[in-house]
Structures are given as C-alpha cells and as structure tokens.
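This report refers to the structure that appears directly beneath it.
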Amino acid sequence: MSDISARIHELRALENLSTGRTVIHRLHPFVKLVSAFVLIVFVASFGRYDFVRLVPYLFYPFVMMALAELPYKLFLSRVLIALPFCLFAGLSNVIFDRATALSIGDVAISYGVLSLMTILLKMYLCVMAALLLVATTPFPELTVQLRRFHVPMVFVMVFEMTFRYIGVLLEEVHAMITAYKLRSGTKKTIDMRHMGSFLGQLLLRGFDRAERVHRAMRCRGYSLRHIPPAPRQLRHSDVLALTAVCLPALLLRFLS
Amino acid sequence: MHMADALLSPALGLAMNALSVAAIGASVAKVEKDELSEKKIPIMGVAGAMIFAMQMVNFTIPATGSSGHIGGGILLAGLLGGVPAFLSIAAVLIIQCLFFADGGLLALGCNIFNMGLIPCLVIYPLIFKPLLKNGIGYKRLSLASVISVVIGLELGAFCVVLQTLASGITELPFSTFLALMLPIHLVIGLAEGFVTAVVLCFVYKMSPDIIDSSQSRQCLNVSAKKVLVTLALLTVTAGGVLSLFASTNPDGLEWAIGKTTQKVFGTEAALDPGLSPEEGLFESAASLQKKTAFLPNYTFASNPDNPAGTPASGLIGAAIVFAFAGMTGLLISKVKRSKKAGAHV
C-alpha cells in the first residue's frame, strides 16, 4: 500500500513532464498520437524470432527521449510494471522451444531464448511509445485531439473526470489507510472483514463528492453541448515529424 | 490480467480495438438517451477514479498469506448499472494503459473486452440482475456478487488465454496455459467476489436507493438472447477466423500493404510478401538500401528453415545498431545541455 503515494507521484510527474517546451512537446498532438500508434502496430507485426529486425526501432525511444529531455529513470520503472506477464509468456517459450537457433562461440542460443528477447524488446518499444505520448502531450490537448477524432463527448468527459479525480481519491485512500494502520498495530494490509465498511465508506464519500462536483460544474456553465476549442492547424514541421517517424518505420518493416 | 502489446498480433489487436470502440459507441448512445446523462457523467468519472483508487487497497486473503485487490467491474455495475459502469471501466483502462504502462495501446481493445465488457455488459445483465429479480436482500446480493465476479473473472482469464494463443506469440500449449490461468483466477475471483459482496451490502445498508435505482434501470435495449448470439458470433470470429489468419499468415499487414501497392502501382512485384525489389519504386528503394547498408551481409529472416536469418552477424549488427541508437540519444542530450549552458552564460 506504500505504493499509493508512489502512484500519486508518478501521475503528477508525467503530467509535469508534458508541460515542457521542447521541439517534441510543440508538435501537434495528432502527430504524436498517430506516430505512437503506427509504431506500436509495426512493432507488434514482427514475427516471434525477429529480434534483430526490431533493434533499429530503438532509435525512436532514444531519440525522442533525448529531444524531449525526459528522465530515463521514471520511464524504466514504468517498463518494469509491464514486465511480469510478458516474462511469463516469454519464459514458456524458452521451455517449449528448445531447438538451437544460433551459436556464438560455444554458446548455443535456442529459438525460445530468441523469442523471449523479441517479446521483451517489443514490450519495451510499445510501452515507451505510449509513455512518450503522454509525457510530451498535455492532457487537455490529448482530450481535444480525441474530440477531433470524433470520440463522443460523453466518453471524453468521463475520461477527463476520471483522470482528474484519480489524484484526489488516491490521496483520500492514502489518508484512510494511514488512519487504519495507526489504529491496528502492525497490520500491513486491511482485514477482509473490514473491507466492506472501508471501501463502502470510500464509495459513499465518492458519490457525495460527485454530486457536489456536478453542482459546481453546472454553476460554471457546464453542458454536454460544450464546443471544443478550435483545432490548431498542422504546420510543415508537424508533417515533417510524422514522415520522419512513419516512413523509416514502414521501410524497416517491409524492406529490411 | 492486463494483456500487453508484445503478446498480441496486430490483426487480433486491431479487431478487438474495433470491437471495443463499437461497444463504447453503443454504450454512449444508450447513456445519451437517458435524460439524466449530464448528471451521470461526473458520477461515472468519480466512480472510475474510485475503482482506480480501490485497486490500490490490498486486502489479506485468509489462510494464503498473500494479498489481492478488487477489479471493480461487477461492483461498479451493481452501483451504476451495466452501461455506465462499462464506460467508467473503459476510461480507467485507457488511463492505466497510457499513464501506468498497465496493458498497451494495441492491447487496449482486449483489456476493455476482458475486464469491462464481459463483467458489465455480459455477466451483469445475464447473471447478476436475474439473481436479484425477486428482490434485493443481503443474502441474494452476496450470492449474486460472488457468482458474477467468479464467472466474470474466469471468462476474462479464458479470453486472455484465447487471445494470447490466437496471436501465436507464445509456445505455451492451450491446456497448460488454461491450467495455469483458471485455478489462480478462481481463488482471486472468490476473494474479490466476497469483497464485492460486503461492499455492496454495506452500501445497501447505508444508502439502499443507490442499489435499488441501478437495479431498476434497463441495462441494454436488447434481449439477452441477442446478446448471447452476438457474443457467440464475435467469439467465433475473434477466436477462430482471426487465429487462423494470425497463425497461418503472421504477416497479414504485409499482405494488406502488398495488395494496396498492387492496386496503386499495378505491378506483380507488389504481391510478393517480402515486397521483393524487382522493378520501379522497389528497385530504386532496394538499390538505395544496398548503398546505405553498413553491414551488406546482414540478412534477416527470409528463409523459413532458418527464421532467425544469419544469426551471429545479425546479432552483432543488432548490437551495433543498439549502440548507435543509444549514442545518438546521448549526443542529442549533450548538444542540448551545452546549448542551454551557453544560453545561461
């Protein structure tokens, strides 16, 4: 449960990073969203032994991180979150796919190991593409872009509200857990028999808060018929950046 | 239970994304029809954030020494109704994917299907609500919660197995994978079901109108039979047709691009799965590639007998590319730092 404060910190750290003023931050959100998605689809489309063909894609995270002046430590800790399930699937390949793929000196490398390396590299590239997107695009710009993609207003509003209230409610949970721990001696987690009142109280307080939030929003003129801000036009630099990401990704996929 | 991009084929990932987008679209249309939709949106947003916060609260699973946390699909459906709960869970999953690296953009469709659509739009209307049809009481609420959560979680885990195997990334046999996934999710499901039951009973005791009003709402404007038939068809499509496509033709994207280029350029060369450079644009691109290649014998997987290509030279090449990419990043950082230092002076 100590990771609640870590999660609050992580959420704020990424949001703070997204307000930077580097060349990547200034790009149109459309460019960043499309290039991240294209990269993920291309990376996922490689075969299970295509480790070598995937390596050139590492230019994307390395160059983007440097240009956007982002810290590696924060990103690597996020990559580790995605690791367990991929490692589980990859290790099963090591066990079941034992034929020798290649030898380097006296060391034989099996197809299973090669596929494990491929899965881990794919995981790293995909996670980094998504993280780079949110670390260089402020959240309001992201939601405006979703509206431009004709995502329904209702869903964009739910998405925005959820994001805004995660921080608030995590702090509330953190305070409740601290209070519980102070009253229960050396316990590190909550007893099953206390979960009903613990989470139930959180729920009821959350619903009360939602009512107050809704009234406050209405007072400030909130309506579902709210018109999104006028979109910024794509500049030449945006088109150039999109080409610079998508074209090499396409060539590496089909001509290598 | 979050699926990752690395374990998914693009064909299946995109198909599941399309399916989830369609489900979100239908749910939004349903919520918009409701007169109270404007009032519901803040509640749905806060409820989504609450589920996220609740997932941070670990509870001790008795006699196991381990701990678990709540998933929240059935709990939210019990409080808000199936459709609003589905939208809230979808929003939470998108945030988890983007900001916390839980799941991935390509796998988002699978995760929304497994953890949102199954509990909120299938289990809730077909199991949870019918169990409470004859009135709400603590016993009925508890029974409905435990049964719904366990079945929902097991069905979700089963779909994870199907989706992973259909993508052809892992060598794990179907039966072994299933034997690993289902029992562990049964234990987790029982614990989560119990917690969902006690939370719903607590809310029912303190504020019964919340549960009563969610039960009085219609979940979807279609019959249960239609839902079942549609889901059966979708499962067959995703699990059968797409898995065949994924396993026999892993380069489906290449195939699609080949077809597209054939249409555009009208050459036979475009039909070659490897886009073999024979004439025109491909010849020029290939000759450019030959000129710029720094390891001319750096061959990749083109021979089916040796899917790893020419391995040792390939790995050495990969190591050089890795170092080169890292050095490029470092160089850019250094240049930017020195420029900044110069600006300060």
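Residue numbers (this note's numbering), protein chains in the order written: chain A, 1 to 256; chain B, 1001 to 1345. Glycine included, every Cβ here is placed at the ideal spot set by N, Cα and C.
- prompt: Excluding sequence positions up to five away, which residues of its chain have a Cβ less than 8 Å from the Cβ of leucine 14 of chain A?
  reply: Leu74, Leu131, Val134 and Ala135
- request: With 8 Å as the threshold, decide whether the Cβ of leucine 1121 of chain B is near any Cβ in chain A.
  value: Answer no: the Cβ-Cβ gap between leucine 1121 of chain B and chain A never drops below 8 Å.
- prompt: Nearest-angstrom Cα distance between cysteine 1159 of chain B and tyrosine 72 of chain A?
  reply: 34 Å
- prompt: Does histidine 1185 of chain B get closer than 8 Å to chain A when you measure Cβ to Cβ?
  reply: no
task: For leucine 70 of chain A, count neighbouring Cβ atoms within 10 angstroms of its own Cβ and tell me buried if that reaches 16, exposed if not.
output: Burial call: buried.
Contact list for the stretch 61-73 of chain A against chain B, Cβ threshold 7 Å: Phe62, Val63, Met65, Ala66, Leu67 and Glu69
query: First and last residue of the beta strand (DSSP E) that includes valine 107 of chain A?
result: 107-110
message: Assuming isoleucine 104 of chain A is part of the beta strand (DSSP E), what are its boundary residues?
response: 100-104
field: Residue from A:Leu202, A:Met192 and A:Val245 whose Cα sits closest to the Cα of isoleucine 166 of chain A
entry: A:Leu202
- prompt: Which residues in the same chain have their Cβ closer than 7 Å to the Cβ of tyrosine 124 of chain A, if we skip the five residues on either side of it in sequence?
  reply: Val79
- request: With 8 Å as the threshold, decide whether the Cβ of cysteine 1110 of chain B is near any Cβ in chain A.
  value: no
- prompt: At a CB-CB cut-off below 7 Å, which residues of chain A make contact with lysine 1348 of chain B?
  reply: Past the edges of chain B, shown from 1001 to 1345, lies residue 1348 of chain B, and the structure says nothing about it.
- prompt: How many Å lie between phenylalanine 1177 of chain B and glycine 112 of chain A at the Cα?
  reply: Each residue's alpha carbon lies about 17 Å from the other.
field: Chain-order list of residues whose beta-carbon lies under 7 Å from that of serine 1167 of chain B (same chain, five-residue window excluded)
entry: Closer than 7 Å at the Cβ level, and outside the excluded window around serine 1167 of chain B, lie Leu1007, Leu1008, Ser1009, Leu1012 and Ala1246.
query: How about threonine 1328 of chain B and valine 55 of chain A: do their beta carbons lie closer than 8 Å?
result: no
- request: With DSSP as the reference, label leucine 204 of chain A as helix, strand or coil.
  value: helix
task: List the residues of chain B that proline 248 of chain A touches, going by C-beta distances under 9 Å, in chain order.
output: Those within 9 Å of proline 248 of chain A in chain B number zero; the least Cβ separation is about 12 Å.
- prompt: Can the beta-carbon of isoleucine 1147 of chain B be found closer than 8 Å to that of leucine 1131 of chain B?
  reply: yes
Classification of arginine 26 of chain A by the beta-carbon crowding that lies within 10 angstroms, buried from 16 upward: exposed
query: Where does aspartate 50 of chain A sit, in a helix, a strand or coil, going by DSSP?
result: coil
Selection from B:Leu1186, B:Gly1156, B:Pro1125 and B:Gly1048 that minimises the alpha carbon distance to asparagine 1111 of chain B: Selected option, being the one with the closest Cα: B:Gly1156.
message: Going by beta-carbon coordinates alone, are alanine 66 of chain A and cysteine 126 of chain A separated by less than 8 Å?
response: no
task: Check whether the Cβ of cysteine 126 of chain A lies closer than 8 Å to any Cβ atom in chain B.
output: With respect to chain B, the C-beta atom of cysteine 126 of chain A has a partner C-beta closer than 8 Å.
message: For proline 107 of chain A, count the other beta carbons within 10 Å of its own beta carbon; 16 or more makes it buried, fewer makes it exposed. Which is it?
response: Before going further, note that residue 107 of chain A is valine rather than proline in the sequence given. The residue is exposed, with fewer than 16 neighbouring Cβ atoms inside 10 Å.
field: Beta-carbon proximity list for alanine 36 of chain A, same chain, < 6 Å, skipping 5 on both sides
entry: Ala129 and Leu133
message: Measuring alpha carbon to alpha carbon, tell me which residue in A:Leu83, A:Phe30 and A:Ile177 is nearest valine 239 of chain A.
response: A:Phe30
task: Compute the Euclidean distance between the alpha carbons of alanine 1077 of chain B and leucine 1186 of chain B, then round it to the nearest angstrom.
output: 20 Å
message: Can you list, in chain order, the residues of its chain with a C-beta nearer than 6 Å to that of arginine 1140 of chain B? Leave out the 5 residues immediately preceding and following it.
response: Leu1132
- prompt: Given that isoleucine 24 of chain A touches chain B, what residues does it touch there, using C-beta distances under 7 Å?
  reply: Residues of chain B passing the Cβ test: none, with the nearest at roughly 11 Å.
query: Near methionine 1394 of chain B, which residues of its chain fall below 7 Å by C-beta distance, leaving aside the five closest residues on each side in sequence?
result: Within the shown structure, residues of chain B are numbered from 1001 to 1345, placing residue 1394 of chain B beyond reach of any answer.
message: Is there a Cβ of chain B sitting closer than 8 Å to that of alanine 89 of chain A, yes or no?
response: yes
query: So, helix, strand or coil for aspartate 1005 of chain B, using DSSP?
result: helix
message: When you compare the CB positions of isoleucine 1074 of chain B and glycine 1152 of chain B, do they come within less than 8 Å of one another, or not?
response: yes
- request: For the alpha helix (DSSP H) holding aspartate 238 of chain A, just list the boundary residues, first then last.
  value: 236-254
- request: Count the other CB atoms, across all protein chains shown, that sit within 10 Å of the CB of asparagine 1221 of chain B; report buried if there are 16 or more and exposed otherwise.
  value: The predicted model places asparagine 1221 of chain B with a pLDDT of 46, which falls under 50 and marks its position as unreliable; any figure quoted below should be read in that light. Looking at its Cβ environment, which holds fewer than 16 other Cβ atoms inside 10 Å, asparagine 1221 of chain B is exposed.
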